[in-house]
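Visitor: For reference, the structure I am asking about is given below.
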């Protein structure tokens, strides 16, 4: 913990830091307060409405902590300047960096280098990889889908012409919004689409572009611009040219000429809110600096559709209040006891509920969806405050979750996701990024198993078919494999996430085929360990004759790595209880929950297994 006197620091900054803001307050007696933590804030620019709102939120949130100070820099939309800004902030010996990158790809390496020294919170635009402490931002693909649904609603199934105004070619968030927009409109009949790019993502450049389009705008029904700045520029251009397409933007800020104001004025038909996450950044920064356990890896914020119908009603979080009793009551439907991971997960949830003073009605489904549906209906009859579901499979939940919503009981998802026709049937997902787990497994294989004698043959031990971890771990693995020629999945079967399932797959393969597998990729540790047992019974040395990579990172997996029988474990953290119970408490206090809370996870292999095993909790 640093102790820095404000007077000295301010004097140094006045002399050295052109373009750097040092924010502080004085005590009531005029004495300059002592500082425990200095947080650097690197902004891509301080010109856009969204970024000004972010700074305002960060300042307001920081004002609640008298022992921290902020140093802010403005890169003026110049990538090279932002790199230098970060270097300068590091010279000021900051304790933590909050950065909103202008070009996420360009800043990835710089952020990774800082992350090796101090914690880094990345805002808004996700960088490539996971070399940061925490990401806070929106689900840009979902925002694109929301915009697509808005456009489709306006076209009403009659087809039409849609123009899309994207941001910089290097913008990850713009690419994700475009992907979501396409996912919706590609299902709609008779739509002609054109895409345009505004590299600086500015109002003036968007206006100039559309003025140049001229008569090409005739017959355009809907324009989707990736921010309200560009949407405003589009409006000015089409107004001057005498056209009147419906315009959808993104950001949705209040205040003069913000997205909500533009909707109110009739300049935009709709805007999708894109929250800044400023207050969350400071709150999590303090948790990180104070070494509070359970800080997630990603916090994905919630977005709302704003139209003329709801702009003046202020879209508010639907507040759920604890019923008139002494304790919060939670109904939890657990998948079962299929693995060591699940047992650790269950204990974490029960322990966290006890510590939080929450009454927990816990039901084990023994891998049966019917039992989970029955449990949820029981929770509804009991009038619990919150229902938490860790689903066996990802579909078939609409009816019972609709019943929960009609009863006024919010539903949270833990560990696994679901597919529903109405995304409003549940509030928040807390758990892992299964796609990234699959990618990490394949990255490790590509780095450590080279295709020296022909293609590397991979056996995949899938989890329960229809479960989101299975589908997403497979998809992430195959996505990463597509960029690595020389690797192929030669055999893939479901082992239901169980030890016996892993054994069975190996036994079946050896019974029907000569052994020719180079790598086994198991969707969890239990299947991997079952496979190890079966291999050894047939004289095949796990870890040497065949490389084995699994997902979970339980103590048993670490022991197998120490013993040389497992090569790599991609972590999937089961200790979700504290984050889950905190979410329940926040919900009962009327706070808006993020859309998703993604846990911190790492990759381990035989080189660090022994050291990590000493402090492994599960």
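In the working numbering, the protein residues as written are 33 to 650. The beta carbon of each residue, even a glycine, is placed where N, CA and C say it ideally should be. These numbers were taken from a predicted model, which means no experiment stands behind them.
Tell me, to the nearest whole angstrom, how far the beta carbon of residue 452 is from that of residue 429; I am working on the premise that it is less than 8 Å.
Guide: For the purposes of this step, residue 452 is taken as residue 420 along the chain shown, with counting starting at 1. For the purposes of this step, residue 429 is taken as residue 397 along the chain shown, with counting starting at 1. The beta-carbon separation of residue 452 and residue 429, rounded to 6 Å, stays under the 8 Å limit for a contact.
Visitor: Buried or exposed for residue 224, going by 16 or more other Cβ atoms inside 10 Å?
Guide: As a first step, residue 224 must be located in the chain shown, where it is residue number 192. The residue is exposed, with fewer than 16 neighbouring Cβ atoms inside 10 Å.
Visitor: Pairs of beta-carbons, one from the segment 210-219 and one from the segment 165-176, closer than 8 Å: are there three or more?
Guide: Three or more Cβ pairs drawn from the segment 210-219 and the segment 165-176 lie within less than 8 Å of each other, which places the two stretches in contact.
Visitor: What is the DSSP secondary structure of residue 74, reduced to helix, strand or coil?
Guide: Taking the first residue of the chain shown as position 1, residue 74 is located at position 42. Reduced to three states, the DSSP call for residue 74 is strand.
Visitor: Tell me whether the segment 429-445 and the segment 464-479 touch, counting them as touching only if at least three CB pairs, one residue from each stretch, are closer than 8 Å.
Guide: no
Visitor: Assuming residue 583 and residue 469 form a contact by the criterion Cβ under 8 Å, report the distance between their Cβ atoms to the nearest whole angstrom.
Guide: Against the chain shown, residue 583 aligns to sequence position 551. Against the chain shown, residue 469 aligns to sequence position 437. Yes, they are in contact, since the Cβ atoms of residue 583 and residue 469 sit about 5 Å apart, within 8 Å.
Visitor: Could you work out which residue in 89, 617 and 144 is closest to residue 389 when comparing CA atoms only?
Guide: In the chain shown, residue 389 corresponds to position 357, counting from 1. It is 617 whose Cα lies nearest to the Cα of residue 389.
Visitor: Can you tell me whether DSSP reads residue 204 as helix, strand or coil?
Guide: Taking the first residue of the chain shown as 1, we reach residue 204 at position 172. Helix.
Visitor: Report the start-end ranges of each alpha helix (DSSP H) in the segment 168-228 that is 4 residues or longer and not cut off at the edges.
Guide: 172-187 and 204-217
Visitor: Taking all protein chains shown into account, do 16 or more other C-beta atoms lie within 10 angstroms of the C-beta of residue 283, making it buried, or fewer, making it exposed?
Guide: Taking the chain shown and counting its residues from 1, the one referred to as residue 283 is at position 251. It counts as buried.
Visitor: In whole angstroms, give me the CA-to-CA distance for residue 275 and residue 181.
Guide: Residue mapping note: residue 275 aligns to position 243 of the chain shown, counting from 1. Residue mapping note: residue 181 aligns to position 149 of the chain shown, counting from 1. Taking the straight line from one Cα to the other gives about 23 Å.
Visitor: Select from 240, 288 and 300 the residue whose C-alpha is nearest the C-alpha of residue 256.
Guide: Looking up residue 256 in the chain shown gives position 224. It is 300 whose Cα lies nearest to the Cα of residue 256.
Visitor: With 16 other CB atoms within 10 Å as the buried threshold, where does residue 190 fall?
Guide: Here residue 190 is taken as the residue at index 158 of the chain shown, counted from 1. Classification of residue 190: exposed, given that the 10 Å Cβ count is below 16.
Visitor: As a quick exercise: from 335, 246 and 344, pick the residue whose alpha carbon is nearest that of residue 287.
Guide: Your numbering for residue 287 matches position 255 in the chain shown. Nearest C-alpha to residue 287: 344.
Visitor: Do you know whose CA, among 375, 124 and 420, lies nearest residue 614's CA?
Guide: Along the chain shown, read from residue 1 onward, the residue named residue 614 stands at position 582. Looking at the Cα atoms, 420 is the closest of the given residues.
Visitor: Is the number of C-beta pairs between the segment 129-145 and the segment 104-119 that are closer than 8 Å three or more?
Guide: yes
Visitor: Excluding the 5 residues flanking residue 340 on each side, which residues of the same chain have their C-beta closer than 7 Å to its C-beta?
Guide: Reading the chain shown from its first residue, position 308 is the one you call residue 340. So the list reads 295, once near-sequence residues are dropped.
Visitor: In whole angstroms, what separates the C-alpha of residue 240 from that of residue 508?
Guide: Counting from one through the chain shown, the residue named residue 240 turns up at place 208. Counting from one through the chain shown, the residue named residue 508 turns up at place 476. Answer to the nearest angstrom: the Cα atoms are 40 Å apart.
Visitor: Check whether the segment 155-163 touches the segment 96-116, counting contact only when three or more Cβ pairs, one atom from each stretch, lie closer than 8 Å.
Guide: Touching, no.
Visitor: Which full runs of the alpha helix (DSSP H) of 4+ residues lie inside the segment 102-127, going along the chain?
Guide: If we require 4 residues or more, the alpha helix (DSSP H) runs fully inside the segment 102-127 come out as 111-123.
Visitor: Just to check my reading of the structure: residue 316 and residue 166 have Cβ atoms closer than 8 Å, yes? What is that Cβ distance to the nearest angstrom?
Guide: Residue numbering aside, residue 316 sits at position 284 when the chain shown is read from its first letter. Residue numbering aside, residue 166 sits at position 134 when the chain shown is read from its first letter. Confirmed, about 6 Å.
Visitor: How would you write the range of the alpha helix (DSSP H) that residue 378 sits in, first residue to last?
Guide: The count along the chain shown starts at 1 and reaches residue 378 at position 346. For residue 378, the uninterrupted alpha helix (DSSP H) segment begins and ends at 372-388.
Visitor: Give me the residue from 550, 528, 540 and 543 with the minimum Cα distance to residue 521.
Guide: Stepping through the chain shown from its first residue, residue 521 is reached at position 489. For the residues 550, 528, 540 and 543, the minimum Cα distance to residue 521 belongs to 550.
Visitor: Considering only DSSP beta bridges, list what residue 584 is partnered with.
Guide: Numbered from 1 along the chain shown, position 552 holds the residue referred to as residue 584. Its beta-bridge partners are 603.
Visitor: Apart from the five residues on each side of it in sequence, which residues of its chain come closer than 6 Å, Cβ to Cβ, to residue 628?
Guide: In the chain shown, residue 628 corresponds to position 596, counting from 1. Only 332 and 461 meet the Cβ criterion.
Visitor: Is the number of C-beta pairs between the segment 373-385 and the segment 600-612 that are closer than 8 Å three or more?
Guide: Because the criterion of three Cβ pairs below 8 Å is met, the segment 373-385 and the segment 600-612 touch.
Visitor: With the cut-off set at 7 Å, would you say residue 371 and residue 565 are in Cβ contact?
Guide: Taking the chain shown and counting its residues from 1, one reaches residue 371 at position 339. Taking the chain shown and counting its residues from 1, one reaches residue 565 at position 533. The answer is no: Cβ separation not under 7 Å.
Visitor: What residue does the beta strand (DSSP E) around residue 526 start on, and which one ends it?
Guide: One-based indexing of the chain shown puts residue 526 at position 494. First-last of the beta strand (DSSP E) with residue 526: 519-526.
Visitor: Can you have a look at residue 400 and say buried or exposed, based on whether 16 or more other CB atoms are within 10 angstroms of its CB?
Guide: Here the question's residue 400 lines up with position 368 in the chain shown. Flag for residue 400 reads exposed.
Visitor: When the Cβ atoms of the segment 579-595 are set against those of the segment 641-648, are three or more pairs found closer than 8 Å?
Guide: yes
Visitor: Please state the DSSP three-state secondary structure of residue 396.
Guide: Position 364 of the chain shown, counted from the start, is the residue given in the question as residue 396. In this structure, residue 396 counts as strand in the three-state DSSP scheme.
Visitor: On the criterion of 16 or more Cβ atoms from any shown chain inside 10 Å, does residue 152 qualify as buried, or is it exposed?
Guide: Working through the chain shown from its first residue, we reach residue 152 at position 120. Counting C-beta atoms within 10 angstroms of its own C-beta, residue 152 has 16 or more neighbours from the protein chains shown and is therefore classed as buried.
Visitor: Which partner residues does residue 337 have in the DSSP bridge list?
Guide: Here the question's residue 337 lines up with position 305 in the chain shown. The partner list for residue 337 (beta bridge, DSSP) reads 304.
Visitor: With a CB to CB cut of under 7 Å and the five nearest residues on each side skipped, what residues in its chain are close to residue 501?
Guide: Along the chain shown, read from residue 1 onward, the residue named residue 501 stands at position 469. Around residue 501: 448, 466, 495 and 555.
Visitor: Hey, how far is the Cα of residue 514 from the Cα of residue 475?
Guide: Position 482 of the chain shown holds residue 514. Position 443 of the chain shown holds residue 475. Each residue's Cα considered, the two are about 11 Å apart.
Visitor: If you count every other CB in all the chains shown that lies within 10 Å of the CB of residue 636, and 16 or more means buried, which is it?
Guide: Residue mapping note: residue 636 aligns to position 604 of the chain shown, counting from 1. Flag for residue 636 reads buried.
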